[in-house]
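> If you scroll down you'll find the structure; I have some questions about it.
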Amino acid sequence: MMNVNALRAERGTLLAFAAAIALVIVGGIYRPSFVQPENLATLLLLASFIGIAAAGQTFVVLIGGIDLSVPWVLNAMAILLTTTSLGQNDRAWWAVPLALGAGVLAGALNGLGIVLFDIPPVVMTLAMNGIMEGLVLGLTGGFTCGACNSYAPPAIVWLFTAKPIPGVANGLLLWALIAAGVGVVLSLTLLGRRIYALGNNPLATYLSGIDTRAVTVIVYALSGFFAAIAGFGLAAFGQQATLGMGDPFLFDSIAAVVIGGASILGGKGNYWGSVAGAIFLIVLRSVLQEYNIGEAGRSIASGVVILIALLLYGRQRAEF
Amino acid sequence: MARLRLRYYAVQNVPLLLSLGLFVAMVILYIILFALKQSRLPGAFELLTTVNNTLSVGLSAIGQTFVVLTGGIDLSVGGIVDVTNSVAARYMGDSPGSIALVSLATLAVGAFAGLTNGLLVVYGRLQPIIVTLATLAIWEGIALLVLPQQGGSIPPALTAILAGTLPFLTWLPNSVIIAVLLVAGWQLLRSTPFLTGVYAIGNDERAARANGISVARAKLGAYTLAGTCAGAAGLYFAAANTSGDATSGTPFTLTSIAAVVLGGVSLFGGRGSAIGSLAGAFILTLLLNVLFFAGVNTQLQEFFQGLFLILAVVASTLVRRSLQRAR
C-alpha cells in the first residue's frame, strides 16, 4: 500500500523531469541557442520563483489543504520589502525580517481561521488573498505612493541574481538550499511525519495525540513564508515590485505540485516532484514561445498539461 | 414535539436564515446611508443599477451552487464567463435571429464547458478543484483567441431586454423579473429527482450510491448546469456592459464562491440553496455600495470584502455551535 503510493509520487517526479528534458531537446532542435547553458540557467532561475512558492503550496497540499492566498501574499511582501527598504542596504536588515514576518503572519492567520472556526481552506485563503490585495491597494493609494517606485535593496538583488560562481545565479543555490531543507523536514523530522499523517488520515492523527491544529497553523505559516521569499526573488529579478506580479502564482504554484505527482487530497507526494513540476512549466512555456505561440496558446497548453498529468497519475480508485 | 421540529429546522437552516437576515440588514443599511448622503430615498434607478450589477455574479453563483452541493468546487467559472462574454461580443449581430442564435450559442458553450468538467471529474475520477483549475486556464486562453482585443458589440435590443425595463413597467427592472424567475426555477428544480440526487451525493456519496442514485448522472448534470449558468452570466455581463472583454470574467471565480459562502451553502456539500447564493451575490454588491456611501477608499474594497467573508463564516459557525450545544 505504502509502496504503491510512494511509487505514484516517484512516477510523477520522474515523468515531470523526463518531460522537461524532452522539451529542452525539442526547443534545441528548433533553435540551437535554446540549449545554451546561459539560456537554461535563466530558465532555471525563472523556475526557482515558482518552485519556492510551490514549496509552501507543497506543505499545504500534503496536509490536504490548499493555499489560494499565495498571489497576493507574495505580491504584498515584495511591495512591503521595497517600500520599507527604499532600495537601501542599511534599511534592509530590518525590512527583510519585517516582510518575512508579515508573510508568516498572513499564513498563520490562514491556519488559525481554519482550525479555530472550521473555515474551509478554500474560503479562508481566498478571503486572505482579497485582504492582502485590498491592503496593498489601499495603503499604497493604488501604487501611487512615493516609495512605490523604490528598488529592491542591493543585498536582496545580489542574493538572487549575482553570479559569484560563473553562470550560476545565487538564486539557484538558494533554491537548492531550500529544496534540501524542505526535503529534510518532510522525510527526516517529526513535523514531516505528522504532516504526512495528517494528510493521510486527520482523525487517526488527532486520536493518536498529535496536535493537528498546531501542525496545520505551522504548515500555512510556512506557505506564507515561502510566498514572501518568492516575492523577494521576483522583486530582485525585476529590480522593482509591481502590482499583480503575483497573479500567475495561484495557478503555477498549484500546477507545479500537481504535475509533480502529489495528491491534492493530501498525504502523498514530495517536494522533488514540485521542483520538477516548476521546471517543466517554465520549459514548456519557453519552448512554446520559441515556436511563436502567444499567451492564449500557452495558457491552453498549461491547462492541458495538468489534465494529462492528472489522468496519468492523479486518478482515484474506482468505487463500486 | 413541535418545538423540537422547529429547532431542528432552525439548526438545519441556520446558514440560509443568517444569510437572508444579512441580506435584509444590508438593504436597510444601504437605504439609511443613501438617504443620509443624498437626502432622498433610493428609487427606480438605484434598483435598476444595483440589480443589473449583481445579476451576472448571481447567475454564476447559482451555477457554482450546483457543484458545491455535490461537494465539489468549480474554479473554471471565470474562464467560462470570459469565453462566453467574448463569443457574444464578437459574433452577435443586430437582427433578432442573430441575437437569439448567438445567445443560445453562448449557453451551449457554457454547457459544453461544464459537461467537460463533469466528464473529467466523473469518468476521469479526478479532483474537481484541480480539474477546474486546469480548464480555467484552457478557457481563459480560448477567450483570448476569440476576442484578442476588448470590444466587440452587443446589440442595444438585447441590452434593453436583459438590463432595461418594460415600457409599461418602468419602475420594475427586467433584471428583477429575471431574478424572480431564477428563484422560481430553482424551487421547481428542488423537488425533482435530479436535485434530490445532487443533495444526496453531497451529504454521503456512498450512501447515495447504495440507495440507487446514479452519482455519475447527478454530477454530470450539476457540472453542466454550472457551466450553463456561467455562460448565462457571461452573456448577461456582455449585455449589461454593451461590449466584451476576454479577461473580464476572471473575478467571477472568486465572487461566485464568495456569494455561495455568504449564501450559507456548505462547501462540504449537501447543504444550502441557490436562493441563498443569489442573496449572497446581492450582499456583495450592497457591501460595495455601503462602503462607497460610508466614504471608504474604494481601493480598500477587496480588503473589506475578504474581511466580511471571514466574519460571515465565523458568525455562522459560532451560531451553529451554540445551537448544537443548546440541543
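These protein sequence lines map, in sequence, to chains A and B.
The numbering used here applies: residue -8 is where the first sequence begins, and numbers increase by one.
The numbering used here applies: residue 47 is where the second sequence begins, and numbers increase by one.
Yeah, the Cβ is synthetic: ideal placement off N, Cα and C, and Gly gets one too.
1) Determine whether the Cβ of B:Arg171 lies closer than 8 Å to any Cβ atom of chain A.
2) Does DSSP put A:Gln231 in a helix, a strand or coil?
3) Taking 8 Å as the CB-CB cut-off, is A:Ala44 touching chain B?
4) Any C-beta of chain B within less than 9 Å: which residues of the region 113 to 125 of chain A qualify?
5) Run the proximity test for A:Gly102: is its beta-carbon closer than 7 Å to any non-hydrogen atom belonging to the ligand GTP?
6) Compare the C-beta of A:Pro193 with all C-beta atoms of chain B and state if any pair is closer than 8 Å.
7) Determine whether the Cβ of A:Ser277 lies closer than 8 Å to any Cβ atom of chain B.
8) With 8 Å as the limit, tell me which residues of the region 292 to 326 of chain B have their beta carbon closer than that to any beta carbon of chain A; keep them in chain order.
9) Indicate whether A:Leu77 and A:Ala143 have their beta-carbon atoms separated by less than 8 Å.
10) Please state whether DSSP places A:Pro111 in a helix, a strand or coil.
11) Throw me the rounded Cβ distance for the A:Ile105 and A:Thr207 pair, which I believe falls under 8 Å.
12) Can you give me the Cβ contacts of B:Val307 inside the same chain, cut-off strictly under 8 Å, excluding the 5 residues immediately before and after it?
13) Using only the alpha-carbon positions, how far apart do A:Gly252 and B:Leu271 sit?
14) Tell me whether A:Val159 sits in a helix, a strand or coil according to DSSP, three-state version.
15) Along the chain, where does the beta strand (DSSP E) containing B:Pro219 start, and where does it finish?
16) If we cut at 8 Å on Cβ distances, does A:Ser290 have a partner in chain B?
17) Buried or exposed for B:Thr111, please, with buried defined as at least 16 other CB atoms from any protein chain shown within 10 angstroms of its CB.
18) Is it right to say A:Gly259 is buried, meaning 16 or more other beta carbons lie within 10 angstroms of its own, or is it exposed?
19) Can you tell me whether A:Ile110 is buried or exposed, with buried defined as 16 or more other CB within 10 angstroms of its CB?
20) At a Cβ cut of 7 Å, what residues of the region 106 to 125 of chain B count as close to chain A, listed as they run along the chain?
21) Could you tell me the boundaries of the alpha helix (DSSP H) in which A:Pro239 lies?
22) Against chain A, which members of the region 326 to 360 of chain B pass a CB distance test of less than 7 Å?
23) Let me know if A:Met(-8) comes out buried or exposed under the rule of 16 or more other beta-carbons within 10 Å of its beta-carbon.
24) Just the chain B side, please: which residues come within less than 8 Å of A:Asp109 by C-beta, in chain order?
25) Can you name the start and end residues of the alpha helix (DSSP H) that B:Leu330 belongs to?
26) Rounded to whole angstroms, how far is the Cβ of B:Val129 from the Cβ of B:Val168, which I believe are closer than 8 Å?
27) Under 8 Å, Cβ to Cβ, is there at least one residue of chain B near A:Arg306?
28) For B:Gly290, which three-state DSSP category applies?
29) Tell me whether B:Tyr169 sits in a helix, a strand or coil according to DSSP, three-state version.
30) Between which two residues does the alpha helix (DSSP H) holding B:Ser106 run?
31) List the residues of chain A that B:Leu166 touches, going by C-beta distances under 9 Å, in chain order.
32) Suppose the cutoff is 8 Å on Cβ atoms and the five residues either side in sequence are ignored; what does the same chain contact list for A:Asn140 look like?
33) At the level of alpha carbons, what is the spacing between A:Leu279 and B:Ala230?
34) With DSSP as the reference, label A:Tyr282 as helix, strand or coil.
35) So, does the CB of A:Ala309 fall closer than 8 Å to a CB anywhere in chain B?
36) Given a threshold of 16 other Cβ atoms within 10 Å of its Cβ, counted over all protein chains shown, does A:Ala90 qualify as buried or as exposed?
Taking the geometry as given:
1) As a working mapping, residue 171 of chain B is identified with position 125 in the second sequence. Yes, its Cβ sits closer than 8 Å to a Cβ of chain A.
2) Your numbering for residue 231 of chain A matches position 240 in the first sequence. Residue state, collapsed to three classes: strand.
3) Along the first sequence, one-based indexing puts residue 44 of chain A at 53. Not an interface residue.
4) Under the 9 Å Cβ criterion, the region 113 to 125 of chain A contributes Val113, Val114, Met115, Leu117, Ala118, Met119, Asn120, Gly121, Ile122, Met123, Glu124 and Gly125.
5) What this structure holds is no ligand at all, so the ligand GTP is not there to describe.
6) Position 202 of the first sequence, counted from the first residue, corresponds to residue 193 of chain A. Taking Cβ atoms only, chain B never reaches closer than 8 Å to A:Pro193, which makes this a no.
7) Along the first sequence, one-based indexing puts residue 277 of chain A at 286. No - not a single Cβ of chain B is within 8 Å of the one on A:Ser277.
8) Leu300, Ile303, Ala304, Val307, Leu313 and Phe314
9) The residue given as residue 77 of chain A occupies position 86 in the first sequence. The residue given as residue 143 of chain A occupies position 152 in the first sequence. No. Outside cutoff.
10) As a working mapping, residue 111 of chain A is identified with position 120 in the first sequence. Reduced to three states, the DSSP call for A:Pro111 is coil.
11) Locating residue 105 of chain A in the first sequence gives position 114, where the first residue counts as 1. Locating residue 207 of chain A in the first sequence gives position 216, where the first residue counts as 1. About 6 Å separates the two Cβ atoms, so the contact holds.
12) Numbered from its first residue, the second sequence carries residue 307 of chain B at position 261. Closer than 8 Å at the Cβ level, and outside the excluded window around B:Val307, lie Leu313, Gly326, Leu355, Ala358 and Val359.
13) As a first step, residue 252 of chain A is located in the first sequence; it is residue number 261 there, counting from the start. As a first step, residue 271 of chain B is located in the second sequence; it is residue number 225 there, counting from the start. Their backbone Cα atoms lie some 31 Å apart in a straight line.
14) For the purposes of this step, residue 159 of chain A is taken as residue 168 along the first sequence, with counting starting at 1. In the structure shown, A:Val159 sits in a strand (DSSP, three-state: E or B).
15) Working through the second sequence from its first residue, we reach residue 219 of chain B at position 173. That run of the beta strand (DSSP E) goes Leu215 to Pro219.
16) The count along the first sequence starts at 1 and reaches residue 290 of chain A at position 299. Yes, A:Ser290 counts as interfacial toward chain B.
17) Along the second sequence, read from residue 1 onward, the residue named residue 111 of chain B stands at position 65. Buried is the call here.
18) On the first sequence, position 268 is the one that residue 259 of chain A refers to. The displayed chain sequence assigns Lys, not Gly, to residue 259 of chain A. Burial call: buried.
19) Here residue 110 of chain A corresponds to residue number 119 of the first sequence, with the count starting at 1. Buried is the call here.
20) Ile119
21) Within the first sequence, residue 239 of chain A is the residue found at index 248, counting from 1. It spans Pro239 to Ile250 - the alpha helix (DSSP H) in which A:Pro239 sits, taken as one unbroken run.
22) Asn343, Gln345, Leu346, Gln347, Glu348, Phe349, Phe350, Gln351, Gly352, Leu353, Leu355, Ile356, Val359 and Val360
23) Residue numbering aside, residue -8 of chain A sits at position 1 when the first sequence is read from its first letter. Model confidence at A:Met(-8) stands at a pLDDT of 42, short of 50, so the residue's coordinates are unreliable; what they give is reported in the following sentence. Label assigned to A:Met(-8): exposed.
24) Position 118 of the first sequence, counted from the first residue, corresponds to residue 109 of chain A. Simply Thr363.
25) In the second sequence, the residue the question calls residue 330 of chain B occupies position 284. First-last of the alpha helix (DSSP H) with B:Leu330: Ala320 to Phe339.
26) Position 83 of the second sequence, counting from 1, holds the residue named residue 129 of chain B. Position 122 of the second sequence, counting from 1, holds the residue named residue 168 of chain B. Taking 8 Å as the upper bound for CB-CB distance, B:Val129 and B:Val168 are not in contact here, some 22 Å apart.
27) In the first sequence, counting from the first residue as 1, residue 306 of chain A sits at position 315. At least one CB of chain B lies nearer than 8 Å to the CB of A:Arg306.
28) Mapped onto the second sequence, residue 290 of chain B falls at position 244. In the structure shown, B:Gly290 sits in a strand (DSSP, three-state: E or B).
29) In the second sequence, residue 169 of chain B corresponds to position 123, counting from 1. Here B:Tyr169 sits in coil by DSSP.
30) Translated into positions along the second sequence, residue 106 of chain B becomes position 60. From DSSP, the alpha helix (DSSP H) with B:Ser106 extends over Ala90 to Leu115.
31) One-based indexing of the second sequence puts residue 166 of chain B at position 120. What B:Leu166 touches in chain A: Leu298, Leu301 and Leu302.
32) If you number the first sequence from 1, residue 140 of chain A lands on position 149. Excluding sequence neighbours, A:Asn140 sits near Gln231.
33) Numbered from 1 along the first sequence, position 288 holds the residue referred to as residue 279 of chain A. Numbered from 1 along the second sequence, position 184 holds the residue referred to as residue 230 of chain B. Cα to Cα, the separation comes out at about 48 Å.
34) Numbered from its first residue, the first sequence carries residue 282 of chain A at position 291. DSSP places A:Tyr282 in coil when its eight states are reduced to three.
35) Taking the first residue of the first sequence as position 1, residue 309 of chain A is located at position 318. Yes, because at least one Cβ of chain B sits closer than 8 Å to the Cβ of A:Ala309.
36) Your numbering for residue 90 of chain A matches position 99 in the first sequence. Label assigned to A:Ala90: buried.
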